[in-house]
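Participant:
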Amino acid sequence: MVFRLSSLKPLHTFGLNHTAESISYLATPSDFQELVGLALNTDFILLGSGSNVVFLEDISIPVFINRFYGKTLEETNDAYIVKVNSGENWHEFVVWCLDHNINGFENLGLIPGTVGASPVQNIGAYGVEVERFIKEVEYLNLKTGNFETLLKNKCNFGYRDSIFKMSCLKVA
Ligand SMILES: Cc1cc2nc3c(=O)[nH]c(=O)nc-3n(C[C@H](O)[C@H](O)[C@H](O)COP(=O)(O)OP(=O)(O)OC[C@H]3O[C@@H](n4cnc5c(N)ncnc54)[C@H](O)[C@@H]3O)c2cc1C
1 MVFRLSSLKP LHTFGLNHTA ESISYLATPS DFQELVGLAL NTDFILLGSG
51 SNVVFLEDIS IPVFINRFYG KTLEETNDAY IVKVNSGENW HEFVVWCLDH
101 NINGFENLGL IPGTVGASPV QNIGAYGVEV ERFIKEVEYL NLKTGNFETL
151 LKNKCNFGYR DSIFKMSCLK VA
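Number 172 marks the last residue of the sequence shown (the UniProt record's numbering); no jumps.
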């Protein structure tokens, strides 16, 4: 589903009142495919909650807002396997895990942002980083248009860093 708006004010933490050429909301995997064709010809910005960006001027390229919600839980003999879509709010996800007796994320509670942004900079707090809990990350390869999966050991996680800071990968 795609809506068109123009003010960036409610879409980033600093709330500066600038505009974008277009603002579209991405809610399904097929919405994300719009980025593939676009990436061939122009730059664009993909935002989660806008808590790690500041817009200091009007933006002349398209802005996309990630609202791809959903999560599933599978319990095995020795682990919980949670698949969570990238538009989910990070803190609400931590609380949801605790509600399901899934422990470990506590130190990362209250970090603002989306689940999809969490592996991008490998969010961390109080000595814990999200990479500790990640098994694999599904992403949209903007060069091929395919959704692909990277195992954790291929994500190049480092201090506030990962392979997803490369421009051709977007976390789904
Ligand atoms: C008050 C405050 C406290 C914070 N505390 C911490 C902390 O303790 N630890 C910590 O690690 N961080 C912290 N941060 C930083 C912030 O919470 C993280 O960077 C968070 O992951 C940003 O999520 P977001 O959805 O708001 O990303 P946005 O601000 O929307 O985007 C940030 C960057 O990630 C990219 N991006 C977003 N989603 C995707 C995606 N799905 N795929 C690919 N690229 C994407 C954007 O293009 C942009 O370049 C804090 C920020 C604030 C404002």
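Beta carbons: idealized from backbone N, C-alpha and C, even for Gly. Just so we're clear, the structure is a prediction, and the values are computed from it rather than from any experiment.
By the DSSP assignment, the alpha helix (DSSP H) with Val53 in it spans what residues?
Facilitator: Unbroken run through Val53: none, as it is neither H nor E.
Participant: Could you check if Asn122 is buried or exposed, using at least 16 other CB atoms within 10 Å of its CB as the buried criterion?
Facilitator: buried
Participant: Just curious, the alpha helix (DSSP H) that Glu34 is in, first and last residue?
Facilitator: 34-41
Participant: Straight-line CA distance for Glu131 to Thr13?
Facilitator: 25 Å
Participant: If we ignore side chains and look at the alpha-carbon of each, how far apart do Gly116 and Ala27 end up?
Facilitator: Looking at the two C-alpha atoms, the distance is approximately 13 Å.
Participant: Could you say which of Pro62, Lys135, His18, Asn52 lies nearest to Gly37 if we only look at CA atoms?
Facilitator: Pro62
Participant: Heavy atom of ligand 1 less than 6 Å from the Cβ of Pro112, yes or no?
Facilitator: yes
Participant: Name the one or two DSSP bridge partners that Asn101 has.
Facilitator: DSSP output for Asn101 lists no bridge partner at all.
Participant: Quick check: is any heavy atom of ligand 1 less than 6 Å from the C-beta of Thr13?
Facilitator: yes
Participant: Give me the residue from Cys155, Lys165, Asn141 with the minimum Cα distance to Phe133.
Facilitator: Cys155
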